[in-house]
C-alpha cells in the first residue's frame, strides 16, 4: 500500500513544473523518504557479544598490611582467629563469642593504634548487666574498660612498638567478662557486636 | 605581511561567496536592490560554496592550490557573466534624513573600526581557537575530513566552519575571524535593506544598529565563532521568503531551500527556519508542492552532514540523540549532563535571565545591551502586518533557545526583534527611536559597558591596532594569553603523533597534537574515569554484592538492575563481575560471550580484572539495565560477585538464568553486601589504562580536580613531570 501512495505522489509531483530549471518536487519527496528510512536504519547499530578481554596485571602497592578490618570486608573471614560469627548481619556486623580475635600482618610497628568499633547490645545487657572488655595485642593486655550501659563503643589506643614484630602476624583480641547465655541449650553464648577491629597508623599520609 | 595575508584570506573567500551568490541570485528571477545585492548574494553564495568545500574535504584534496582554484572559479564565473556588478541605486525608495544618516553613519563607522581591528588581531577566542579553528587546522593537515570520535564537537554541522577552511589556508587564524566579521556586515546590511524594502528606512537603519552595536554580537562576530553567520543565514531565509512572496517566481524557492538547509548545516538549532520556510510557503499558496522544492533543496544542504555523521559516528544528528542512535563514541549520560548545563548555565534564578542577558552577562557569557530590556515593546508590532511577519520567525528562532540559554544563542532572533522594536518605537515617536539608538551605542561601547557589567564578561575590550597590524608580533600578543601558552607547552614537549589528555580545553588551533578533552568523547570519558578513580575514594571499588545461588550448572546468567535513580546523575557502575564455584573463581575463558545494556561496547571493562576500570551504564539508573554472560558451555556456579563503586547507592540487582524455552528466569539467591578490598595500586592501574589507549601525556591544570594528587605522587602514578608553568603541569608516562 505505501508503495502505491509513493507512486501516486511521485506522479503528481513530477507533473508540477515550477521554473525553466526543471525543478521537480518528486526528487525532494523521494529524498525525504530516503533520509527517513536511513534514520530508522541507524538504530540497528549494536555490536556482537564480546569475549573477555586480556586480564590486566595487578600493580602491587608498597607492602603494608596496616588496616582496620571491617566485618563486611570481602576477605574478612581470612583474618579471623576465633569467636567471630561466619554470618554477616545487616551487611555490617557480626556476633562475637567471649574472646574474638583476628590476625594481621602489619609490615611495620611504628605509630600503630589498636582500633575497635563494637556495641554492647541492650538485649544481652539486660542479662549480663555492666561488662568489662579487655583489649589484647599478641596476648598482652593493652587496656581494660568497664561499660555500665549498652550502646555503640569505640576504643583506640597506641600499641607499644616492641609488642609486635613487623615481619610476623599480630593477633588482636578483645575479651568480654560476661557473655549472654541463650535459653535454648546448644545455642552459642554471645559476647558483643563487632563492626571493625584492626590497626591504624597515625601521622602518616594515607591514600 | 602577516596582517595583509589575513586580510587577503578573508577577502578572497568573501569575494568567492559574493560572486557565486550573485550568479545564482541573477538566475532566480528577482531584481535585487543595490543595498540588498551584497548581503543576500554573499550569504546565498556562502551556502553553495560550503558544499564545494565539503566535497573537497570529502575527496581529501584540500591542498592550497585546489582551494585557490575553487575560490577563483567562483569569482571567475561572476566576472564572466557580469553578475558581480551592483545594480544602480534605486531613486524611488524613501531615504533617511541627512542628519540621521550622518549620525547613524558615524556610529556604524566607530563600531566598524572597533570590530575590524579586533577581528584582524590574532585569534584567541575560547571556542574559535579551540574547536572551530582547531578542527579547521586539523582537516587542512589531513587534506580532508578525518574520522574524529574523540571530540563530539567535530560532529556538529559546520557549514560556516567549512568557509574558514580556504580563509585559514590562505590567511591563517585571523582570516577566519575576519570572514565571520563579513557575515556581521552582511547581517547589518540585510536588516537595513529590509527596512528600506518595507518602506521603513528609519526603522531598518535603527534595527541594523541595534544588532550591530550589541556587545555580544560584537565579540562573537569578530572571532571565529559562527553565531553571527548563523543569524545572517536565518535572516536571509526570511528575506528570500519575503522576496518570493512579492514576486511569486518559483525559482526563488531554490534559493530559499538552499538557505534553509544551510541553516541546519550551519547550526542544528537553526533548523527551525526550514519549518518556517515550508510553513510560510504552504500558508501563502495553500499548496504543498512548492514547499517540496524547498524540502528538496534543503536536503541537498542537510544530507552531506547527516551522512558524514552516520558514517563516522553512526548517528546522523551527533552529538545529540545518542539515546536513539546508540553508538560507542558518545555517552548518553554525558550528553544529558551537557545539555542540562546548557539549559541553565548554573543560573539559580531564571527570573534573572532577562537582566543577565541584557545587562550583567557573566553567567550566560555575553550581553545584548541594556536597551533590549525594552524588547517586550516589540510585541506592540503585532498590531501591524510587518510586525507580525517579523515576530513569527522571531518566535520560531527563539524556541531552541530553551535548550541553550547562552546570550549568543539569542543572536539569531535579534534582527527580527530589533526590527519589530524599531517599528514600534518609530510609530511611537521617531525621536524616541533615535534616542534609544544613541543610548545603545553609548552603553555598548567597551569602556562604558565595564561601568555596569562584570569585568570578566565575554566582550571586546579595546581597539588592538598594533596587534591587528602585527606591529606587536603575533607570538608576543598571544603569549599574554595563558591558554596559548598551554598549547605551546604541548607543542614543545609532546612528540608529533602522540595524544595528550586534559580535563579542560586548550586552544587546539595552536598545536598540531591531538588533545583529548575528558568530556568530549567516550574514550576520553573512560580515561578520565580511570584517572579520577586513582585519587577519588568515592569512585573506587568499594563494595561487593555476593549472590549465593543454588549450586548447579548454568549456561547463561544475567544480572538485571531493578531500581530507579532519584537523581539524573546516578548510574550503574560495575567494576568486576566474577563467578565462583566452591570458593574458586571461574577462569574467564575466551569462549565466554559478554553483553550489556546500555553501553554494550563497554562490557569488557567489567571482566578485565582491573579495579581502575568499570562498566558504566552511562545513562540514568533505571530498571531493565542488564549484563549477561554466556559461558559457552554448562558451568557449575554457586556464587556471583558484583563489585561496585563507592558512589553506587541505589542500584538493586537480581540474577536470572536462561531457561530451556530461551526465556530469562529469576534465580533464587541469598544476597550479602561486603566491603571491597583492593591491595593493588589504583593510580598505576589507571595510568596503565590510559597507556593502553595510546595516551602517554597529560596536561593537568592546577585548578583541575585531583591536580594535587598528580603533583604530589607522580611516581605512584608512574609519571614524570616535564614542565610546570602557567598554572598547568605536563606529565609523561614513564616508559
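Chains as they are written, first to last, in my numbering: chain V, 1 to 207; chain Z, 208 to 942. Cβ atoms here follow ideal geometry from the backbone N, Cα and C, with glycine treated the same way. Quick caveat, the model's predicted, so the values are computed rather than measured.
The Cβ atoms of residue 720(Z) and residue 771(Z) do not sit closer than 8 Å to each other. When Cβ-Cβ separations below 8 Å define contact, residue 895(Z) makes contact with chain V.
When 448(Z), 512(Z), 509(Z) and 654(Z) are compared, the shortest CA-CA separation from residue 488(Z) is found for 448(Z).
Within the same chain, 238, 239, 240, 241 and 244 come within 8 Å of residue 294(Z) by CB-CB distance, once the 5 residues on both sides are set aside. For residue 325(Z), the enclosing alpha helix (DSSP H) starts and ends at 305–327.
When C-alpha distances from residue 575(Z) are compared across 651(Z), 409(Z), 935(Z) and 635(Z), the shortest belongs to 651(Z).
Assignment of beta strand (DSSP E) within the stretch 802–849 of chain Z, counting only whole runs of 3 or more residues, yields no such run. Around residue 121(V), no beta-carbon contact reaches into chain Z at under 9 Å, the shortest distance being about 21 Å. Nearest Cα to residue 775(Z) within the set 256(Z), 826(Z), 211(Z) and 791(Z): 826(Z).
For residue 77(V), the secondary structure class from DSSP, reduced to helix, strand or coil, is helix.
Shown here, residue 282(Z) sits in a helix according to DSSP, grouped into three states.
Under a criterion of Cβ atoms nearer than 7 Å, no residue of chain Z is adjacent to residue 103(V); the nearest Cβ is some 15 Å distant. CA-to-CA, the gap between residue 814(Z) and residue 794(Z) works out to about 11 Å.
According to the DSSP assignment, residue 550(Z) belongs to no beta strand (DSSP E) but to the alpha helix (DSSP H) extending over 539–551. Taking C-beta atoms as the reference points, residue 398(Z) and residue 622(Z) count as a pair closer than 8 Å. Inter-residue distance for residue 647(Z) and residue 577(Z) is about 7 Å (C-alpha atoms, whole angstroms). Following the DSSP letters along the chain, one finds residue 403(Z) inside the alpha helix (DSSP H) bounded by residues 368–404. Contact between residue 908(Z) and residue 868(Z) is ruled out by a C-beta separation of about 57 Å, above the 8 Å threshold.
Listed in chain order, the positions of the stretch 139–170 of chain V with a beta carbon within less than 7 Å of a beta carbon of chain Z would be empty, since no residue qualifies. Runs of the alpha helix (DSSP H) lying entirely within the stretch 473–500 of chain Z and spanning at least 4 residues, in chain order: 479–492. The beta carbon of residue 185(V) does not come within 8 Å of any beta carbon belonging to chain Z, so the residue lies off that interface. In the DSSP annotation of this structure, the continuous segment of the alpha helix (DSSP H) that includes residue 651(Z) starts and ends at 637–651. Between residue 276(Z) and the set 265(Z), 288(Z), 291(Z) and 259(Z), the nearest pair of CA atoms involves 259(Z). Within chain V, the C-beta atoms nearer than 7 Å to that of residue 808(Z) come from 47, in chain order. Assignment of residue 159(V) by DSSP, reduced to helix, strand and coil, places it in the coil class. Residue 55(V) reaches chain Z at 795, 815 and 816, counting residues in chain order whose Cβ is nearer than 8 Å.
Using beta-carbon distances, residue 126(V) does not count as an interface residue toward chain Z, since no partner is under 8 Å. Three or more Cβ pairs closer than 8 Å define a contact, and the stretch 419–431 of chain Z falls short of that threshold against the stretch 459–473 of chain Z. Bounds of the alpha helix (DSSP H) holding residue 740(Z) are 729–742.
Boundaries around residue 147(V) are those of the beta strand (DSSP E), 140–147, since no alpha helix (DSSP H) includes it. The C-beta separation of residue 880(Z) from residue 752(Z) comes to about 6 Å, placing the pair in contact by the 8 Å criterion. Its chain contains 456 and 458 as the residues whose beta carbon lies nearer than 6 Å to that of residue 236(Z), once the 5 sequence neighbours on both sides are disregarded; these appear in chain order.
Using a CB distance cut-off of 8 Å, residue 73(V) counts as an interface residue toward chain Z.
Within the stretch 520–551 of chain Z, the residues whose Cβ lies closer than 8 Å to any Cβ of chain V are, in chain order, 521, 522, 523, 531, 532, 533, 534 and 535.
Under the Cβ criterion of 8 Å, residue 880(Z) is counted among the residues facing chain V. Comparing alpha-carbon positions, the option among 783(Z), 339(Z), 402(Z) and 360(Z) lying closest to residue 387(Z) turns out to be 339(Z).
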